[in-house]
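So for the sequence shown, our numbering puts the first residue at 321; every next one is plus one.
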Amino acid sequence: MTEELLVANLSDEEIAEIESEISHLPDRESAAIDALMIVQRHRGWISDESLQAIARLLDMSAAKLDGIATFYNLIFRRPVGRNVVMICDSVSCYIMKAESLIEKVQEKLGIQMGETTEDDRFTLLPIVCLGACDRAPTMQINEELIGPIEPDQLDEIFARFT
Numbered sequence: 321m322t323e324e325l326l327v328a329n330l331s332d333e334e335i336a337e338i339e340s341e342i343s344h345l346p347d348r349e350s351a352a353i354d355a356l357m358i359v360q361r362h363r364g365w366i367s368d369e370s371l372q373a374i375a376r377l378l379d380m381s382a383a384k385l386d387g388i389a390t391f392y393n394l395i396f397r398r399p400v401g402r403n404v405v406m407i408c409d410s411v412s413c414y415i416m417k418a419e420s421l422i423e424k425v426q427e428k429l430g431i432q433m434g435e436t437t438e439d440d441r442f443t444l445l446p447i448v449c450l451g452a453c454d455r456a457p458t459m460q461i462n463e464e465l466i467g468p469i470e471p472d473q474l475d476e477i478f479a480r481f482t
């Protein structure tokens, strides 16, 4: 593919936002995480085509950028639902019955970890730590940190997300 076709996969708005981030950094590669997050915010996830276009824009290899993308668990390399539910499974949350919470959430949503509901409303993912041990057990839905959580709160919690 030509350079123009690879970068053309990004919208003008995405390119402008990425270039704005680059302007504050010492080199183009330093914007890798920001660029991935910008495109993900617009598209919901990072496809192979998007990754290649971002890599070309940042003057880096797609393999190196993919290594960065797959290292961070908040960058999604496959489609996710409109709402991403991440349940903390750290030691603190585990001690505070996160395992039971995970079971209740899976039952409520009708999916297992790593799956998306049939209506694309929720994707359920584990996360190593949400950094809110004082609120264990916790989960994050999109940008909202929720905890401590009791199983009887799940209907109310999930009703807020369409």
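Virtual Cβ for every residue (Gly too), placed ideally from N, Cα, C.
Please name the residue, chosen from the options, that lies closest to residue i on a Cα-to-Cα basis.
i	options	result
Val463	Asn403, His362, Val448, Ala456	It should be noted that the sequence gives Glu, not Val, for residue 463. Ranking the options by Cα distance to Glu463, first place goes to Asn403.
Ala351	Pro446, Phe391, Ser412, Leu377	Leu377
Cys453	Ser367, Ile469, Glu438	Ile469
Glu435	Ala418, Lys384, Pro399, Ser420	Pro399
Asp440	Gly430, Ile358, Ile447	Gly430
His362	Asp409, Ile395, Ile342	Ile395
Met406	Ile338, His344, Ile422, Gly364	Ile422
Glu333	His344, Gln426, Asp472, Gln360	Gln360
Ile461	Ile335, Ser381, Leu445	Leu445
Met380	Gln426, Gly364, Pro457, Glu349	Glu349
Tyr414	Phe442, Leu474, Asp347, Ile447	Ile447
Ala355	Ile342, Asp409, Pro346	Ile342
Identify whether residue i lies in helix, strand or coil by the three-state DSSP scheme.
i	result
Leu325	In this prediction, Leu325 scores a pLDDT of 45, lower than 50, which makes its location untrustworthy; the coordinate-derived value is nonetheless stated afterwards. In the structure shown, Leu325 sits in a helix (DSSP, three-state: H, G or I).
Cys453	helix
Val405	strand
Gly430	coil
Pro471	helix
Thr482	coil
Leu421	helix
Ile477	helix
Ile331	It is Ser, not Ile, that sits at residue 331 in the sequence shown. DSSP places Ser331 in coil when its eight states are reduced to three.
Phe391	helix
From the DSSP output, which residues share a beta bridge with residue i?
i	result
Phe442	Asn403
Met459	Ile407, Ile466
Thr436	Thr443
Quiz item: Using 8 Å as the threshold, is the region 363-381 in touch with the region 328-348, meaning 3 or more CB pairs across them?
Solution: yes
Practice problem: Mind the definition here: the region 353-371 touches the region 380-394 only if three or more C-beta pairs lie below 8 Å; say whether that holds. | Solution: yes
Quiz prompt | Any alpha helix (DSSP H) of 4 or more consecutive residues that is wholly inside the region 341-384 | solution = 352-363, 368-377
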